[in-house]
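To start, the structure under review is shown below, and the notes come after it.
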Amino acid sequence: MCDSNTANVASLLWHAFHSLPAPSSAVNWAGFYVLDPSATEQLILGPFQGMVACQTIRFGKGVCGAAAASQQTQLVPDVEKFPGHIACDGASKSEIVVPIVQNGKTVAIIDIDCAELEGFDEEDQKYLEELAALLAGACDF
Numbered sequence: 001m002c003d004s005n006t007a008n009v010a011s012l013l014w015h016a017f018h019s020l021p022a023p024s025s026a027v028n029w030a031g032f033y034v035l036d037p038s039a040t041e042q043l044i045l046g047p048f049q050g051m052v053a054c055q056t057i058r059f060g061k062g063v064c065g066a067a068a069a070s071q072q073t074q075l076v077p078d079v080e081k082f083p084g085h086i087a088c089d090g091a092s093k094s095e096i097v098v099p100i101v102q103n104g105k106t107v108a109i110i111d112i113d114c115a116e117l118e119g120f121d122e123e124d125q126k127y128l129e130e131l132a133a134l135l136a137g138a139c140d141f
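Going by full-length UniProt numbering, the residue at position 26 of the sequence shown is 26; the numbering climbs one at a time, nothing skipped.
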C-alpha cells in the first residue's frame with residue numbers, strides 16, 4: 001500500500017508545483033526516499049518524478065540524510081551553501097526535505113528540488129509537514 005500511496009503523492013506534488021507560478025513551477029524533482037530494510041541508517045530511492053536520482057543516501061549525508069538523522073525539515077534556499085550537499089541533479093538550486101517519522105523512527109523522507117534559488121518557503125514547509133504526518137499515519141513503511 002505504501003508504494004502506491006507514495007507514487008501517487010510524488011505525481012500529485014510534481015503536478016501541483018508545476019501548476020503554480022515561479023519559483024514553484026521550477027520544481028525539477030519530487031519524490032521519496034525510504035528506509036533501507038537491509039541497512040541501518042540508510043535511505044533508498046522510492047517513487048519520484050524528475051531526473052534519474054541517487055539510489056542510496058546515508059543518514060547525516062546531504063540534505064536528505066540531515067533530515068533523516070535529525071528528524072527535522074531541511075529548508076535550503078541555496079543548496080551550494082549546504083555543507084555536504086549531494087548533487088544528484090546539477091540543475092537543482094534549492095531543496096526542501098521533510099522526514100516521515102513513525103514511532104520515533106525516520107521511515108522515509110519527502111524530497112523536493114527546485115531549479116531556482118529560494119524555491120520553497122515556510123508555507124511549503126507547513127503543508128509538507130502536514131502531508132508527512134498524514135503519510136506516517138496511512139502507510140506501512
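By construction, the Cβ of each residue, glycine as well, lies at the ideal position given by its N, Cα and C atoms.
For residue i, the first and last residue of its enclosing beta strand (DSSP E)
i: A68; result: A68 -> not in any beta strand (DSSP E); alpha helix (DSSP H) instead, spanning 62-70.
i: N28; result: 27-35
i: S94; result: 94-102
i: T106; result: 105-114
i: T56; result: 56-58
i: P47; result: 42-50
i: V79; result: Careful: V79 lies outside any beta strand (DSSP E) and carries neither H nor E.
Residue range of the alpha helix (DSSP H) that includes residue i
i: E130; result: 122-138
i: L13; result: 2-18
Buried or exposed (CB count within 10 angstroms, at least 16 for buried), residue i
i: N8; result: exposed
i: L134; result: exposed
i: A22; result: exposed
i: S94; result: buried
Close beta carbons around residue i, own chain, < 8 Å, minus the five adjacent residues each side
i: S92; result: N28, W29, V79, D113, C114, A115
Nonlocal neighbours in the same chain, by C-beta distance under 7 Å from residue i, ignoring five residues either side
i: I11; result: Note that residue 11 is Ser in the sequence shown, not Ile. Correct list, in chain order: Q49.
i: C64; result: Y33, L43, I57, V97, I109, D111
Nearest-angstrom Cα separation, counted from residue j out to residue i
i: A67; j: G104; result: 14 Å
i: L20; j: P37; result: 36 Å
i: L131; j: A69; result: 19 Å
i: D121; j: A39; result: 33 Å
i: H85; j: P77; result: 12 Å
From the options, residue whose alpha carbon lies closest to that of residue i
i: F32; options: F17, C54, H15, Y127; result: C54
i: A138; options: F82, V101, E41, P47; result: V101
i: P47; options: K81, C2, T73, S24; result: C2
i: D124; options: Q71, S24, S4; result: S24
6 Å Cβ shell around residue i - same chain, five flanking residues per side excluded
i: L35; result: V107
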